[in-house]
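Q: Using the working numbering, the letters of the sequence shown map in sequence onto residues 10 to 508.
Quick reminder that beta carbons are idealized off the backbone N, C-alpha and C, glycines included.
If you're wondering where the values come from, they're calculated on a predicted model, not measured in any experiment.
Provided herewith is a single structure, encoded as structure tokens, for subsequent inquiry.
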Amino acid sequence: MLDLLTNKEHDEARQGEAFAPFAHEVNSFKKHFYIESYGCAMNFADSEVVASVLIENGFGATTNCEEADLIFINTCSIREKAETTVRKRLTEFRKLKRTKPGMLVGVLGCMAERLKSKFLEEEKLVDIVVGPDAYRTLPNLIEEAETGQKAVNVLLSRDETYADIAPIRLNSNGVTAFVSIMRGCNNMCSFCVVPFTRGRERSRDAESIINECKTLFEDGYREVTLLGQNVDSYYNASPNPSDGGAFKHSANSKNTSDSQGVVIPPLGGRGAVTFALLLEKVAQISPLLRVRFSTSHPKDITDDVLHTIVKYENICNYIHLPVQSGSSRVLQMMNRTYSREWYIAKVNRIRELIPDCGLSTDMITGFCTETEEDHQQSLSLMEYCKYDLAYMYFYSERPGTLAERRFTDDVPEAVKKRRLQEMISLHRIHSLQSMQRDVGKTFKVLVEGVSKKNEEELFGRSDQNKVVVFPKGNVKKGDYVQIKVESCTAGTLLGKQII
Ligand code: SAM
Ligand code: SF4
């Protein structure tokens, strides 16, 4: 598969996943909704907010679209292929709708935002179109659609964060959960549709995030991943003033400089919460709660964040640091605001402060004007960084983006794909080497469940986010175990428990 999407944040195995109903509630609702999700982890987290809004309003979840009264598809627009998948799925729902008059079909998320009411005209089967900031209005929109009208709300908001809505974790393993800490994006990467589909960046109130993480911990969860398009620019100017200084960064309260010499204002001053401080507060909930985060923009991750990772054993040593290209010329056209050298300096700093840090990236091949020389620079950057994981895509021009307006999509598709294949082959070598380096080492693993391949084995993740499989023994989901790695495959470490 050329368009490689295999990470936890954008998990190929979860694409099209539908929510499971609560066992005890399956028959207690008059109307059932079915929701299928595509795209990144933020979209899956949004579906949990949608489920919460619907259940609050008397609807029940089902995983069987044939028994549903309402079918929702939470969509992704990031590449053309993502939209094609959704269109195919909608055609299948059209057939189902013919056999079940009264069934309503709704499109949610980025594609709804991008196409707005064009959806109603183009895709004749759609009754409801809802953008990512309008999920609170779903019950009204459903009522409107039930009268036979088409219902649309694609208004983007400057302040909606759904902070007060407790997401319903219907498909959860009960151990790991995603927690949205911000929405939207203010970076204008020229290839990217996100700023147009998800609106301006806004940070969720810090206290509501910490409370959600505390509740998850009390409910037995042992890992939270703090989510945002650019988590390092999280900034909550005025957390609850009654907090009386609870949001003070204990690691660092003076002005500091990051590796590029940028002055970082004092943390915790006048109650402001930066990402480093939020991370610390979540880590302090319990040493038994693992904390991860995604995604970091290289220009925004600071030394304070790195020092906070070092300080807390339960903040995982793993950073997803998308670079997109290894050519400074292409990076400038992409409007990424850093050069190859700047990015390398950031990686060096991470390795200096956190020597065993797992590192992953996103890469795009065949962006406008990309030459063979630019491509070679991407490969040599990968050779330098030796990523543990890389998510690689060929460039897909998206309507309305800066690149679509300013540049010509001039690299032939065959060349984009050939370069992507070369990149994937190189990364395979690096990821296998990374796995092999772990053979013989011992890792603390958080157990997530039973291995799909063998019922007698469990799986979990190491601090560095690698999947580890080992014999069951006396261990259960949610436990931490020390596993000595004995061998590996390209994607899994295999080991046994050290007692
Ligand atoms: N906010 C994150 C960041 O800046 O790294 C990433 C968000 S985006 C949902 C995930 C990845 O999709 C990007 O890092 C990029 O590699 C890829 N992507 C975005 N737009 C693309 C496009 N037009 N064509 C191909 N890949 C794209
Ligand atoms: Fe898109 Fe860039 Fe924002 Fe990431 S940081 S969501 S790539 S605009």
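Please identify the residue among V135, K290 and L134 whose C-alpha is closest to the C-alpha of K223.
A: Among V135, K290 and L134, the Cα nearest to that of K223 is on K290.
Q: Within the segment 111-172, note down every full alpha helix (DSSP H) run reaching 4 residues or more, in order along the chain.
A: Counting whole runs of 4 or more residues, the segment 111-172 contains the alpha helix (DSSP H) stretches 119-124, 127-131 and 147-155.
Q: Quick check: the Cα distance between M191 and T234, rounded to an integer number of angstroms?
A: Their backbone Cα atoms lie some 12 Å apart in a straight line.
Q: Could you tell me how far apart the beta carbons of R299 and C325 are, in whole angstroms, since I believe they sit closer than 8 Å?
A: So it is a contact: roughly 6 Å between Cβ atoms.
Q: Flag F200 as yes when its Cβ comes closer than 6 Å to any non-hydrogen atom of the ligand SAM, and as no otherwise.
A: It does: the Cβ of F200 is within 6 Å (strictly closer) of some heavy atom of the ligand SAM.
Q: Three Cβ pairs or more, each shorter than 8 Å: is that satisfied between the segment 73-93 and the segment 48-57?
A: Contact holds: three or more Cβ-Cβ distances are below 8 Å.
Q: What would DSSP say about C74, mapped onto helix, strand or coil?
A: Correct three-state label for C74: helix.
Q: Just checking, does the segment 71-80 make contact with the segment 112-120 on the three C-beta pairs under 8 Å criterion?
A: In short, these stretches touch, since the Cβ pair count reaches three.
Q: Does DSSP classify M444 as helix, strand or coil?
A: Helix at M444.
Q: Below 8 Å, can you find three or more Cβ-Cβ pairs linking the segment 425-439 to the segment 400-417?
A: Taking 8 Å as the limit for Cβ pairs, the verdict is that the segment 400-417 does touch the segment 425-439.
Q: Does the pairing of the segment 172-180 with the segment 191-209 give three or more beta-carbon distances under 8 Å?
A: At 8 Å Cβ cutoff, the stretches do not touch.
Q: Candidates C49, E75, E89 and E466: which alpha carbon is nearest F102's?
A: The candidate whose alpha carbon is nearest that of F102 is E75.
Q: Expressed to the nearest angstrom, what Euclidean distance is found between the alpha-carbon atoms of Q491 and Y321?
A: Spanning the two alpha carbons is a distance of roughly 18 Å.
Q: Run through DSSP, which three-state label would I353 get?
A: Here I353 sits in helix by DSSP.
Q: So, are the CB atoms of K127 and V163 less than 7 Å apart?
A: The answer is no: Cβ separation not under 7 Å.
Q: Distance, Cα to Cα, Y489 vs S189?
A: Approximately 25 Å between the Cα atoms of the pair.
Q: Just verifying my parser: in three-state terms, what is the DSSP assignment at R88?
A: Coil at R88, not helix or strand.
Q: Is C194 helix, strand or coil when you go by DSSP?
A: Coil at C194, not helix or strand.
Q: Taking the continuous beta strand (DSSP E) assigned at R207, which residues delimit it?
A: Not the beta strand (DSSP E): R207 falls in the alpha helix (DSSP H), residues V203 to R207.
Q: Report the residue from Y393, E45, Q385 and E381 whose alpha carbon sits nearest the alpha carbon of T370.
A: If we check each option's Cα against that of T370, Y393 comes out closest.
Q: Given 6 Å as the limit, tell me if R407 has its C-beta closer than that to any heavy atom belonging to the ligand SAM.
A: Because some heavy atom of the ligand SAM lies under 6 Å away, the Cβ of R407 counts as near it: yes.
Q: Tell me which residues share the same chain as S496 and place their Cβ nearer than 7 Å to its Cβ, disregarding the 5 neighbours each side in the sequence.
A: Here the set comprises V448 and L503.
Q: State yes or no: is the C-beta of V203 nearer than 6 Å to some heavy atom of the ligand SF4?
A: Yes, Cβ of V203 sits closer than 6 Å to a heavy atom of the ligand SF4.
Q: V332 and E379: beta carbons closer than 7 Å?
A: Contact flag unset, no.
Q: Quick check on E465: buried or exposed, where buried means 16 or more other Cβ atoms within 10 Å of its Cβ?
A: Its Cβ having fewer than 16 others within 10 Å, E465 is exposed.
Q: Going by other Cβ atoms of all chains shown within 10 Å of its Cβ, with 16 needed for buried, is T206 buried or exposed?
A: By the neighbour-count rule (16 or more Cβ atoms within 10 Å), T206 is buried.
Q: Distance check for R98 and A27, CA to CA, integer angstroms please.
A: Computed Cα separation, rounded: 13 Å.
Q: In three-state terms, what does DSSP make of I174?
A: In this structure, I174 counts as coil in the three-state DSSP scheme.
Q: Helix, strand or coil: which one does DSSP assign to I218?
A: The answer is helix: DSSP assigns I218 an H, G or I state.
Q: Which of helix, strand or coil does DSSP assign to I438?
A: Helix at I438.
Q: Which ranges does the beta strand (DSSP E) cover as unbroken runs of at least 3 residues, wholly within the segment 266-349, from first to last along the chain?
A: Qualifying beta strand (DSSP E) stretches, in chain order: 299-303 and 327-329.
Q: Consider the C-beta atom of Q238 and the heavy atoms of the ligand SF4; say whether any pair is separated by less than 6 Å.
A: The answer is yes for Q238.
Q: To the nearest angstrom, how far is it from the Cα of N220 to the Cα of F226?
A: Taking the straight line from one Cα to the other gives about 10 Å.
Q: Could you tell me whether any non-hydrogen atom of the ligand SAM is closer than 6 Å to the CB of D371?
A: The answer is yes for D371.
Q: Is the distance from the Cβ of I508 to the Cβ of T451 below 7 Å?
A: In this structure, T451 does not lie closer than 7 Å to I508 by Cβ.
Q: Below 7 Å between beta carbons: does that hold for I177 and S61?
A: Contact flag set, yes.
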